[in-house]
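Chains as they are written, first to last, in full-length UniProt numbering: chain A, 1 to 271; chain B, 1 to 87.
Glycine is no exception: its CB is placed at the ideal position from the N, C-alpha and C atoms.
Small disclaimer: the values here were computed from a predicted structure and weren't measured.
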Amino acid sequence: MGKVIVVTSGKGGVGKTTSSAALGAALAQSGEKVVVVDFDVGLRNLDLVMGAERRVVYDLVNVIQGEAKLTQALIRDKRVETLYLLPASQTRDKDNLTPEGVEQVIAALKNAFDWVICDSPAGIERGATLAMRHADVAIVVTNPEVSSVRDSDRIIGLLDSKTLKAENGERIEKHLLLTRYDAARAERGDMLKVDDVLEILSIPLLGIIPESMDVLRASNVGAPVTLADGRSAPALAYFEATRRLKGESLPVTIPGDKRSFLGKIFGRKAA
Amino acid sequence: MNLFRFFSRAQSAPAARERLQVLLAHERAATGDSDLVNKLRDEILKAISKHMQVDDEKVSIKMERGAQVSTLAVDIEIPFDAGKKAA
Numbered sequence: 001m002g003k004v005i006v007v008t009s010g011k012g013g014v015g016k017t018t019s020s021a022a023l024g025a026a027l028a029q030s031g032e033k034v035v036v037v038d039f040d041v042g043l044r045n046l047d048l049v050m051g052a053e054r055r056v057v058y059d060l061v062n063v064i065q066g067e068a069k070l071t072q073a074l075i076r077d078k079r080v081e082t083l084y085l086l087p088a089s090q091t092r093d094k095d096n097l098t099p100e101g102v103e104q105v106i107a108a109l110k111n112a113f114d115w116v117i118c119d120s121p122a123g124i125e126r127g128a129t130l131a132m133r134h135a136d137v138a139i140v141v142t143n144p145e146v147s148s149v150r151d152s153d154r155i156i157g158l159l160d161s162k163t164l165k166a167e168n169g170e171r172i173e174k175h176l177l178l179t180r181y182d183a184a185r186a187e188r189g190d191m192l193k194v195d196d197v198l199e200i201l202s203i204p205l206l207g208i209i210p211e212s213m214d215v216l217r218a219s220n221v222g223a224p225v226t227l228a229d230g231r232s233a234p235a236l237a238y239f240e241a242t243r244r245l246k247g248e249s250l251p252v253t254i255p256g257d258k259r260s261f262l263g264k265i266f267g268r269k270a271a
Numbered sequence: 001m002n003l004f005r006f007f008s009r010a011q012s013a014p015a016a017r018e019r020l021q022v023l024l025a026h027e028r029a030a031t032g033d034s035d036l037v038n039k040l041r042d043e044i045l046k047a048i049s050k051h052m053q054v055d056d057e058k059v060s061i062k063m064e065r066g067a068q069v070s071t072l073a074v075d076i077e078i079p080f081d082a083g084k085k086a087a
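Shown next, in the form of structure tokens:
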């Protein structure tokens, strides 16, 4: 039975899709069978970030409406054999996502994959609540910025009340993924620090993804950042988060801890 | 920052530009379900199912949208006794 993960945040533009693609690819690169599901009906983008935008035939809504079989809608990644994508519909309305339909699709995916990663749309409407509904684990993507932290807090509340696990009186596992973290700005006091965010949201930290040009570069060419450049700082951070997700306990690397000689000199000058 | 890697990397923005141009050209042309490739897909399947019972599991459809040419590959397993079932 596979594990269902929801990647959520409330706020838009914080890195849900980037993180879904990167974590999904990293898990698949480690040999796990992974499917990444786009729940953003009407505004799909996971296909674009994963470089499969020209190959979409059927989508999640087609499967839910019975117009296509699940196996026909799944797109296999061309680089990693065990990585699959289930795209969202671009033309349909999000009302086409029915709770029963989503339940059936998730149940079928759980049977066939080790990991089912649900990329949630922004907001707290139907798409977002259905994406989190069947999750075993939630990854709350947050930027070190006030509105993102506030929205994450709201989402954590929803995870604790609106998910199937919560309704059954169980605890849903929640992790914080801090993205677009700029160590230099945090050091100067211009950005919320890791400890600030952790203290406010009080959920365990899965990883810290540094702000990096490599993320934009990867999306430009349509590859998850862990595949585009596996040695880049954000890729290393995603690999680390993936190991933690698989149950390993290892200390979180805080960007800026290991400053290079030049970095130290210029960093001081800038401060 | 590793200087060698910094200089050895090709620009990625042109790739982004090209991918978006192809994608948006297709999306703008497609309002609702009027997309030609989607229409073809549905009609081909309809035509085939007139003559034989199509087992959904045995149909694989692949699409590749390009700037000038799109390809649609429909791969259907036709069992030996397919014709009889249709009657």
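For residue i, three-class secondary structure by DSSP
| i | result |
| --- | --- |
| A:GLY101 | helix |
| A:ILE172 | coil |
| A:ASP229 | coil |
| A:ALA52 | coil |
| B:LYS50 | helix |
| A:LEU250 | coil |
| B:ASP33 | Interpretation of B:ASP33 is limited by its pLDDT of 49, a score under 50 that renders its predicted location unreliable; the figure taken from the coordinates is listed afterwards. Correct three-state label for B:ASP33: coil. |
| A:ASP119 | strand |
| A:ILE139 | strand |
| A:GLY157 | helix |
| A:ARG92 | coil |
| A:GLU129 | Checking the sequence, you will find Thr at residue 129 of chain A rather than Glu. Three-state DSSP puts A:THR129 in a helix. |
| A:ILE75 | strand |
| A:LEU23 | helix |
| B:ILE78 | coil |
| A:ILE124 | coil |
| A:LEU85 | strand |
| A:ASP59 | coil |
| B:VAL22 | helix |
| A:ASP40 | coil |
| B:VAL59 | strand |
Identified DSSP bridge partners for residue i
| i | result |
| --- | --- |
| A:TYR238 | Note: A:TYR238 sits in no beta bridge, so no partner. |
| B:GLU64 | B:THR71 |
| A:GLY207 | A:LEU177 |
| residue 353 of chain A | In the structure as shown, chain A begins at 1 and stops at 271. Residue 353 of chain A is therefore absent and cannot be evaluated. |
| A:LEU201 | Partner(s): none; A:LEU201 has no beta bridge. |
| A:VAL34 | A:LEU83, A:TRP115 |
Cβ shell of residue i (< 6 angstroms), same chain only, five flanking positions each side left out
| i | result |
| --- | --- |
| B:ALA73 | LYS62 |
| B:ASP33 | Residue confidence for B:ASP33 is low, a pLDDT of 49 falling below 50, so the modelled location carries little weight; the figure read from the coordinates is stated next. Hits under 6 angstroms: none found. |
| A:ASP38 | ARG44, LEU46, PRO87, ALA88, ASP119 |
| A:GLN90 | ARG44 |
| A:SER148 | LYS11, VAL14, THR142 |
| A:ILE209 | THR179, PRO234, ALA237 |
| residue 90 of chain B | In this structure chain B extends from 1 to 87, so residue 90 of chain B is not present and cannot be described. |
| B:HIS26 | ARG65 |
| A:ASP136 | LYS3, VAL4 |
Own chain residues within Cβ distance below 7 angstroms of residue i, not counting five before or after
| i | result |
| --- | --- |
| A:SER152 | SER9, GLY10, VAL140, THR142, LEU201 |
| A:MET191 | PRO144, ASP182, ARG185 |
Proximal chain A residues relative to residue i, where beta-carbon distance stays under 8 angstroms
| i | result |
| --- | --- |
| B:ARG41 | VAL57 |
| B:SER49 | Residues of chain A passing the Cβ test: none, with the nearest at roughly 14 angstroms. |
Close beta carbons around residue i, own chain, < 8 angstroms, minus the five adjacent residues each side
| i | result |
| --- | --- |
| residue 301 of chain A | With chain A represented from 1 up to 271, any question about residue 301 of chain A goes unanswered, as that position is not in the structure. |
| A:LYS162 | THR129, MET132, ARG133 |
| A:ASP114 | GLY2, LYS3, LEU27, GLU32, LYS33, VAL34 |
| A:ALA270 | Unreliable positioning characterises A:ALA270 in this predicted model, as indicated by a pLDDT of 41, which lies under 50. A coordinate reading is not provided. |
| A:LYS193 | PRO144, ALA186 |
| B:VAL54 | LEU45, ILE48, ILE76 |
| A:VAL80 | ALA25, ALA28, GLN29, LEU227 |
| B:GLN21 | ALA67 |
Within 8 angstroms, strictly: CB atoms of residue i and residue j
| i | j | result |
| --- | --- | --- |
| A:ASP47 | A:PRO99 | no |
| A:ASN220 | B:ALA10 | no |
| A:VAL4 | A:LYS16 | no |
| A:ILE172 | A:ALA138 | yes |
| A:ILE124 | A:ASN96 | no |
| A:ARG150 | B:GLU64 | no |
| A:GLY222 | B:ARG19 | yes |
| A:LEU85 | A:ALA52 | yes |
| A:THR253 | A:PHE239 | no |
| A:ALA166 | A:LEU176 | no |
| A:VAL116 | A:LEU60 | no |
| A:ALA25 | A:LEU109 | no |
| A:VAL36 | A:SER19 | no |
| residue 284 of chain A | A:LEU70 | Outside the modelled stretch of chain A, which goes from 1 to 271, sits residue 284 of chain A, for which no answer is possible. |
| B:LYS46 | B:GLU77 | no |
| A:GLN72 | A:VAL57 | yes |
| A:ARG92 | A:VAL41 | yes |
| B:VAL37 | B:SER70 | yes |
Contact with chain D by residue i, beta-carbon distance below 8 angstroms
| i | result |
| --- | --- |
| A:GLY222 | Considering every chain present, this structure includes no chain D. Its protein chains are A and B. |
Partners in chain B for residue i, counting only beta-carbon separations shorter than 8 angstroms
| i | result |
| --- | --- |
| A:GLN90 | GLU27 |
| A:GLN72 | ASP56, VAL59, SER60, ILE61 |
9 angstroms Cβ cut-off: residues of chain B touching residue i
| i | result |
| --- | --- |
| A:LEU48 | ARG19, LEU20, LEU23 |
Chain-ordered chain B contacts of residue i [CB-CB under 7 angstroms]
| i | result |
| --- | --- |
| A:ARG185 | Near A:ARG185 there are no residues of chain B at all, since even the closest Cβ is about 17 angstroms away, more than 7 angstroms. |
Per-residue contacts from residue i into chain A (C-beta, under 7 angstroms)
| i | result |
| --- | --- |
| B:GLU64 | ARG54, ARG55 |
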